[in-house]
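J.: Note that UniProt numbering has the sequence shown beginning at 1, numbered continuously upward.
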Amino acid sequence: MERSGLQFKDQSLKIADSIIDCIGQTPLVRLNSLFESSGASVYAKLEMMNPGGSMKDRPARYIIEQCLRDGTINIHTHLIESTSGNLGIGLALTAKKYGLKFTCVVDPKITTTNLRMITCLGANVDMVTEPDEYGSYLQSRIRRVKELVSMDAAAYWINQYANPLNWQAHYHGAGEEIVQQMEGQIDVLVCAVSTTGSILGISRRVKEANPHARIVAVDAVGSIIFGTPSSQRELPGIGANRVPELFSPNEIDQVIHVDDRESVLGCQKLLEREGIFAGGSSGSLVAALEKLVPTLPPSAKVVTVFADRGERYLDSVYDERWVNQLPPTQTKSTI
């Protein structure tokens, strides 16, 4: 069938059985406007196109379904997880599908939109208010999760920081899709890090198809994942004040640190130049790519992953008052 000069393939139009069956098969788009003059080809996997709005839909569904399948959890299980928002939305979405009770442990830095989405999807919210020893809330959230688990015999902690099902979800999901979409031709993979599950899962699949591929991690200034000093940071979804149990530093070839203000500028450029309305970590990736791409040969094929949508950052990254309160740029180049 043909309409307005475009070809439509009927066989590609599938009917899903539920909303979670729409997770995955996200598009890969070339960033022509931002990086065309550099010579290198840069492609972005638009994980924001998942139904819950982020790449965290993948591990949410994968972990719950695998645990239901092997008997780790059942219909009576109370799921509990610490999250800055995106995984909480994905877990709430899948928990609703399977009729599971879910409690999401969050902190005051969660965006208003993410918090409302989690509650609208029927999850319980438990908010910590006391910062940890680093001035952040991650350690406080983890402590609260452990308290909640100890009080409920039916509780199961998802534990995205240590659960191998986290990286496996990205290996079988976005990793497999990227390899197919790029037809095996990938020279550099650039991913933001937090739990490190996504970069490890995707890179392990990419390296199978491209043993020569260079793996570049983008971390937040103030995050301690790669041994750099802790400092205050405001942007959720990137960096961490604890080293995840999943972390495997020998699988990372290069690290680029980006601060909050650079991330904001990256989001603005991405929206202005490419029309892509993305979340804060995507801006971090743009800022990192601006440093990295000029050092690459013109023949290089670079793939990055935009984790989530921009509308949930309207009261932070895209709010002038919030941005004006950020400290001046303090970025460190690479380590």
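Even glycine gets a Cβ: it sits at the ideal position worked out from N, Cα and C.
As the structure is a prediction and not an experimental result, all values here were calculated from the model.
Give me the DSSP bridge partner(s) of residue 102.
T.: To locate residue 102, count along the sequence shown from 1; it is residue 102. In DSSP, residue 102 forms a bridge with 79.
J.: What is the rounded straight-line gap between the Cα of residue 88 and the Cα of residue 80?
T.: Residue mapping note: residue 88 aligns to position 88 of the sequence shown, counting from 1. Residue mapping note: residue 80 aligns to position 80 of the sequence shown, counting from 1. Approximately 9 Å, taken between the alpha carbons.
J.: Quick one: complete alpha helix (DSSP H) runs, 4+ long, within the region 79-167?
T.: 86-98, 112-120 and 138-150
J.: DSSP three-state label for residue 233, please.
T.: Numbered from 1 along the sequence shown, position 233 holds the residue referred to as residue 233. Of the three classes helix, strand and coil, the one that applies to residue 233 here is coil, per DSSP.
J.: Have a look at residue 265 and residue 76 and give me their C-alpha separation to the nearest angstrom.
T.: Residue mapping note: residue 265 aligns to position 265 of the sequence shown, counting from 1. Residue mapping note: residue 76 aligns to position 76 of the sequence shown, counting from 1. C-alpha of residue 265 to C-alpha of residue 76: approximately 46 Å in a straight line.
J.: Could you have a look at residue 194 and say whether DSSP puts it in helix, strand or coil?
T.: Here residue 194 is taken as the residue at index 194 of the sequence shown, counted from 1. In the structure shown, the three-state DSSP call for residue 194 is coil.
J.: I need the boundaries of the beta strand (DSSP E) containing residue 30, first residue and last residue.
T.: As a first step, residue 30 is located in the sequence shown; it is residue number 30 there, counting from the start. Start and end: 28-30.
J.: Might you give, ordered along the chain, the residues of its own chain that have their beta carbon closer than 8 Å to the beta carbon of residue 233, omitting 5 neighbours on each side?
T.: Here residue 233 refers to the residue found at position 233 when the sequence shown is read from its first residue. Hits under 8 Å: 136, 220, 221, 222, 223, 239, 259 and 260.
J.: Assuming residue 254 is part of the alpha helix (DSSP H), what are its boundary residues?
T.: For the purposes of this step, residue 254 is taken as the residue at position 254 of the sequence shown. Segment 254-258 is the beta strand (DSSP E) holding residue 254; no alpha helix (DSSP H) there.
J.: Of all Cβ atoms in chain E, is any one closer than 8 Å to the Cβ of residue 317?
T.: Considering every chain present, this structure includes no chain E. It has just one protein chain.
J.: Checking 8 Å against the spacing of the C-beta atoms, do residue 84 and residue 237 come in under that value?
T.: Within the sequence shown, numbered from 1, the residue matching residue 84 stands at position 84. Within the sequence shown, numbered from 1, the residue matching residue 237 stands at position 237. A contact, by the Cβ cut-off of 8 Å.
J.: With a Cβ-Cβ cutoff of 8 Å, do residue 246 and residue 195 count as a contact?
T.: Mapped onto the sequence shown, residue 246 falls at position 246. Mapped onto the sequence shown, residue 195 falls at position 195. In this structure, residue 195 lies closer than 8 Å to residue 246 by Cβ.
J.: Measure the alpha-carbon distance for residue 14 versus residue 21 and round it to whole angstroms.
T.: For the purposes of this step, residue 14 is identified with residue 14 of the sequence shown, where counting begins at 1. For the purposes of this step, residue 21 is identified with residue 21 of the sequence shown, where counting begins at 1. When rounded, the distance between both Cα atoms is 11 Å.
J.: Between residue 241 and residue 160, what straight-line distance do the alpha-carbon atoms span, to the nearest angstrom?
T.: For the purposes of this step, residue 241 is taken as the residue at position 241 of the sequence shown. For the purposes of this step, residue 160 is taken as the residue at position 160 of the sequence shown. The C-alpha of residue 241 lies about 15 Å from the C-alpha of residue 160.
J.: Take residue 39 and list the residues in its own chain whose beta-carbon comes closer than 6 Å to its own, dropping the five residues that flank it on each side.
T.: Sequence index remark: in the sequence shown, residue 39 carries index 39 (1-based). So the list reads 298, once near-sequence residues are dropped.
J.: Return the bridge partner residues of residue 304 from the DSSP annotation.
T.: Counted from its first residue, the sequence shown places residue 304 at position 304. Within the DSSP secondary-structure output, residue 304 pairs in a beta bridge with 44 and 190.
J.: Between which two residues does the beta strand (DSSP E) carrying residue 69 extend?
T.: Counted from its first residue, the sequence shown places residue 69 at position 69. No beta strand (DSSP E) contains residue 69, which is instead part of the alpha helix (DSSP H) from 57-70.
J.: Classify residue 154 as buried or exposed, calling it buried when 16 or more other Cβ atoms lie within 10 Å of its own Cβ.
T.: Numbered from its first residue, the sequence shown carries residue 154 at position 154. Flag for residue 154 reads exposed.
J.: Residue 174 to residue 150, Cα distance in whole Å?
T.: Within the sequence shown, numbered from 1, the residue matching residue 174 stands at position 174. Within the sequence shown, numbered from 1, the residue matching residue 150 stands at position 150. Distance between the alpha carbons of residue 174 and residue 150: 34 Å.
J.: Taking 8 Å as the limit between beta carbons, can you name the residues of its chain near residue 49, skipping five residues before and five after?
T.: Taking the sequence shown and counting its residues from 1, the one referred to as residue 49 is at position 49. Closer than 8 Å at the Cβ level, and outside the excluded window around residue 49, lie 26 and 27.
J.: With DSSP as the reference, please indicate the residues paired to residue 214 in a beta bridge.
T.: One-based indexing of the sequence shown puts residue 214 at position 214. Residue 214 is bridged to 188.
J.: Determine which residues share a DSSP beta bridge with residue 309 and list them.
T.: By 1-based counting over the sequence shown, the position of residue 309 is 309. Answer by DSSP bridge pairing, in chain order: 278.
J.: What span of residues does the alpha helix (DSSP H) with residue 251 cover, start to end?
T.: In the sequence shown, counting from the first residue as 1, residue 251 sits at position 251. Where residue 251 is concerned, there is no enclosing alpha helix (DSSP H), given that its DSSP letter is neither H nor E.
J.: Whose C-beta lies closer than 7 Å to the C-beta of residue 201 among residues of the same chain, with five residues either side of it excluded?
T.: Here residue 201 is taken as the residue at index 201 of the sequence shown, counted from 1. The answer, listed in chain order, is 167, 168, 169, 170, 171 and 175.
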